[in-house]
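Before any comments, here is the structure.
Protein chains: 2
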Amino acid sequence: MERIWIDRRSILAGLLVSAAATPLAGRALAQHDPLPSWNDGRSKKSILDFVSAVTREGAPDFVPVSERIATFDNDGTLWCEQPMYVQLAFALDRVKAMASKHPEWKQTQPFKAVLDNDMAALAKGGEKGLVELVMATHAGMTTSEFEQVASDWIKTARHPKFDRPYTDLVYQPMLELLTYLRVNSFKTFIVSGGGIEFMRPWSERVYGIPPEQVVGSSIKTQFKVDRDGPVLIRLPSIDLIDDGPGKPVGINSHIGRRPIAAFGNSDGDFQMLQWATAAPGRRFGLIVHHTDSEREYSYDRKSPFGKLDKALDAAPSNGWTVASMKDDWKRVFAFQ
Amino acid sequence: MERIWIDRRSILAGLLVSAAATPLAGRALAQHDPLPSWNDGRSKKSILDFVSAVTREGAPDFVPVSERIATFDNDGTLWCEQPMYVQLAFALDRVKAMASKHPEWKQTQPFKAVLDNDMAALAKGGEKGLVELVMATHAGMTTSEFEQVASDWIKTARHPKFDRPYTDLVYQPMLELLTYLRVNSFKTFIVSGGGIEFMRPWSERVYGIPPEQVVGSSIKTQFKVDRDGPVLIRLPSIDLIDDGPGKPVGINSHIGRRPIAAFGNSDGDFQMLQWATAAPGRRFGLIVHHTDSEREYSYDRKSPFGKLDKALDAAPSNGWTVASMKDDWKRVFAFQ
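Protein chains in written order, with our numbering: chain W, 87 to 422; chain B, 87 to 422.
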């Protein structure tokens with residue numbers, strides 16, 4: 087009975103916290119484990135200590151609700167980014183789907199490499215080739231057309247190793263962390279190098295993060311009134327690369343406050359971690375370290391996707407928690 | 087006693103609605119006037135009818151909470167924009183404050199015009215001159231330095247006609263409307279041609295709208311780590327002009343959903359009104375028409391600030407409510 091009563095209190099607390107104060111939530115949560123997929127250890131303890139410190143009214147590190155902003159990288163931090171970024175898999179599938187209308191792609195790189203499934207040739211094209219792929223597949227349509235295409239794809243595409251929809255490959259411990267923070271009146275944001283309009287159609291359903299709390303890379307759009315009414319056309323021109331030093335820029339533009347907690351997994355998150363943690367008051371930074379070749383993947387310093395090198399070296403002196411997927415996570419995915 | 091009891095219910099409803107459903111709020115509000123500064127009439131009725139239609143569960147026009155997005159222009163819609171945009175008054179004051187460090191300004195337009203209080207010469211410089219003023223006064227410092235400067239100014243500057251702080255010159259009927267929408271689980275956003283970082287320092291205190299729900303014009307920023315740690319430098323380069331056709335662009339970038347209600351007062355809001363209302367489902371658009379030369383100002387088609395011409399002509403065919411400040415508002419400002 088006691089357990090049931092506690093859970094009902096937690097649910098009630100969850101309903102109340104976004105508007106009201108948190109002493110109730112704090113008390114209710116102290117009595118059960120809000121992070122059941124995290125093994126007991128230093129990483130889990132560092133999260134619990136931080137949240138407890140900033141939410142205890144009257145305590146020296148207390149942070150008012152409005153300033154409880156937490157930012158999360160997406161690829162490799164909230165969901166799987168191997169063997170390639172999900173959005174790249176989407177772009178490759180789009181090239182194949184659109185190829186019949188572009189016969190010239192059979193002879194033109196980087197499209198030829200995609201159609202031939204020649205990943206070595208694609209890699210040779212470097213970033214320039216990738217940008218070309220993104221522009222050809224992500225621009226030249228209205229925002230609502232793109233939303234439809236991205237939504238349809240995410241519903242049917244499957245991960246090559248796990249043979250499941252990509253949205254199944256979200257990390258259960260991170261979902262619990264998102265919920266735990268929200269129950270403690272944090273506002274949770276995604277701040278991703280990935281495309282903002284690629285994530286928004288499913289971020290609320292999968293992470294509980296609404297479109298207006300998603301920050302990502304973007305291309306320019308243009309307003310137009312056509313026969314069907316007003317539309318926004320996606321232009322083949324980069325607006326923001328929300329990666330590396332672009333993350334604090336995106337955070338400032340979209341959120342307008344400095345986060346007090348940031349979560350990442352790669353050097354692309356380095357500056358976001360700095361921006362969130364190198365400021366007065368209690369702050370928290372965490373790096374997800376991919377150390378689990380059995381349940382997920384093991385990679386860091388040399389990975390083409392999600393390279394973690396400088397940020398890993400900088401973690402100790404900045405006081406960032408490095409969470410080892412293998413040691414700190416009881417489960418990686420909900421289905422395991 | 088009855089009245090007190092109802093108000094307490096309303097307050098409780100206000101606390102609950104951002105997380106929970108709204109039947110309680112709906113019932114409580116039905117019993118008192120949520121818009122006491124609005125005269126009874128077509129404008130007020132159109133607002134009440136719209137909110138009632140989209141919040142009644144099971145009704146044909148019901149809109150789920152997550153889609154209840156309302157966008158508000160700022161200058162002339164939420165606060166006074168005469169005799170000039172408040173941010174322009176800020177820029178002029180900044181030029182004067184910074185002049186001792188820029189002796190060359192005494193001989194250079196548009197700065198000379200500002201220092202000479204020569205508004206005719208300033209107007210002659212047109213938009214190019216204004217952009218120069220904005221860049222000289224808004225760029226070349228960190229985001230936190232600018233926030234400090236803007237916050238300090240808004241605390242001390244006074245409106246030339248009303249001799250009050252500018253933040254007193256917010257429209258009481260619009261404050262009530264913001265609250266009424268929020269109590270009915272709308273998320274309220276500012277979408278202004280004004281500078282995003284000029285509004286954010288005080289938008290939560292004055293309007294109850296947090297920085298992350300403020301969209302505005304912006305200049306580019308650059309991340310840098312200097313001796314004091316990470317900073318964002320404001321660059322003299324325009325990022326977004328969040329006005330006219332730029333408003334739907336800003337809405338799409340920051341909110342990622344199409345509003346179901348939009349509120350403006352000038353041709354700069356025309357495309358936002360189109361974007362919000364020309365879509366399937368019940369929608370609402372409202373134009374504040376400045377018709378009150380006694381309590382505020384009377385202007386529309388020929389005003390240099392807040393020109394309302396095309397949008398006024400387009401209102402009837404688009405079903406937009408045109409609220410006359412003189413006839414529809416019992417009070418304009420809280421102090422009157």
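Backbone N, C-alpha and C define an ideal beta-carbon position, used for all residues, glycine too.
Q: Under 7 Å Cβ to Cβ from residue 309 of chain B, same chain only, skipping five residues before and after it: list those, please.
A: 316 and 318
Q. Which residues mark the beginning and the end of the beta strand (DSSP E) in which residue 319 of chain W is found?
A. 315-326
(Q) Going residue by residue through the segment 274-305 of chain B, where are the continuous alpha helix (DSSP H) segments of at least 4 residues, counting only ones entirely within it? (A) 282-293
Q) Run through DSSP, which three-state label would residue 419 of chain B get? A) Assignment of residue 419 of chain B by DSSP, reduced to helix, strand and coil, places it in the strand class.
Q) For the alpha helix (DSSP H) that residue 149 of chain W lies in, which residues bound it at each end? A) Per DSSP, residue 149 of chain W lies in no alpha helix (DSSP H) segment and is marked neither H nor E.
Q | Three-state class that DSSP yields for residue 370 of chain W in the structure shown | A | strand
Q: Give a yes or no on whether the minimum CB-CB distance between residue 143 of chain W and chain B is below 8 Å.
A: no
Q) Where residue 376 of chain B and residue 407 of chain B are concerned, what is the direct C-alpha to C-alpha distance, given to the nearest angstrom? A) 14 Å
Q. Does residue 338 of chain W have its Cβ less than 8 Å from a Cβ in chain B?
A. yes
(Q) When you compare the CB positions of residue 305 of chain B and residue 328 of chain B, do they come within less than 8 Å of one another, or not? (A) no
Q: Anything in chain W within Cβ reach of residue 286 of chain B, meaning under 7 Å, just list it in chain order.
A: Counting only Cβ-Cβ distances below 7 Å, residue 286 of chain B has contacts in chain W at 342, in chain order.
Q: Out of B/420, B/401 and B/378, point me to the one whose CA is closest to residue 168 of chain B's CA.
A: B/378
Q | Pairwise C-alpha distance: residue 361 of chain W and residue 127 of chain W | A | Spanning the two alpha carbons is a distance of roughly 26 Å.
(Q) So residue 296 of chain B contacts chain W; which residues on that side make the cut at Cβ distance below 9 Å? (A) 152, 273, 342 and 343
**Q.** Separation of residue 208 of chain B from residue 214 of chain B, as counted between CA atoms
**A.** Straight-line measurement puts the Cα of residue 208 of chain B at about 10 Å from the Cα of residue 214 of chain B.
Q) Bridge partners of residue 133 of chain B, per DSSP? A) DSSP output for residue 133 of chain B lists no bridge partner at all.
Q: Indicate whether residue 201 of chain W and residue 182 of chain W have their beta-carbon atoms separated by less than 8 Å.
A: Against a cut-off of 8 Å, the Cβ pair of residue 182 of chain W and residue 201 of chain W comes out as a contact.
Q | residue 332 of chain B in three-state terms, based on DSSP | A | helix
Q | Cβ shell of residue 172 of chain W (< 6 Å), same chain only, five flanking positions each side left out | A | 252
Q: Consult DSSP for residue 337 of chain W and reduce its assignment to one of helix, strand or coil.
A: helix
(Q) Our contact map puts residue 342 of chain W next to residue 286 of chain B with C-beta atoms below 8 Å; I'd like the distance itself, whole angstroms only. (A) 5 Å
Q | Min CB distance residue 290 of chain B to chain W below 8 Å | A | So, interface residue.
**Q.** Local conformation of residue 212 of chain B per DSSP, three classes
**A.** Helix at residue 212 of chain B.
Q) Do the segment 158-166 of chain W and the segment 217-232 of chain W meet, that is, are 3 or more Cβ pairs less than 8 Å apart? A) No, the segment 158-166 of chain W is not in contact with the segment 217-232 of chain W.
Q.
My output table needs one value for residue 257 of chain B: the three-state DSSP class, helix, strand or coil.
A. strand
Q: Report yes or no: is there a C-beta of chain B within less than 8 Å of the C-beta of residue 197 of chain W?
A: no
Q.
Does any residue of chain W have a CB that is nearer than 8 Å to the CB of residue 309 of chain B?
A. yes
**Q.** chain B within 8 Å of residue 229 of chain W, Cβ atoms only
**A.** yes
Q) Among residues of its own chain, excluding the 5 on either side of residue 195 of chain W, which ones have a beta-carbon nearer than 8 Å to its beta-carbon? A) So the list reads 207, 211 and 215, once near-sequence residues are dropped.
Q) Mind checking if residue 234 of chain B is an interface residue toward chain W, Cβ cutoff 8 Å exclusive? A) Residue-level contact check: residue 234 of chain B does not touch chain W, since none of the beta carbons of chain W fall below 8 Å from its beta carbon.
Q.
Cutting at 6 Å between CB atoms, please list the residues of its own chain near residue 333 of chain W, excluding the five before and the five after it.
A. 277, 357 and 358
Q. What are the partner residues of residue 251 of chain W, as DSSP defines its beta bridges?
A. Among the bridge pairs identified by DSSP, residue 251 of chain W is matched with W/244.
Q. Taking any Cβ of chain W, which residues in the segment 314-340 of chain B have a Cβ under 7 Å from it, in chain order?
A. Taking 7 Å as the Cβ-Cβ cut-off against chain W, the residues of the segment 314-340 of chain B that qualify are 315, 316, 318, 331, 334, 335, 338, 339 and 340.
Q) For residue 304 of chain B and chain A, any beta-carbon pair shorter than 8 Å? A) Here the protein chains are W and B, and chain A is not one of them.
Q) Residue range of the alpha helix (DSSP H) that residue 197 of chain W falls in? A) 197-201
Q. If we count the other Cβ atoms within 10 Å of its Cβ and call it buried at 16 or more, is residue 148 of chain W buried or exposed?
A. exposed
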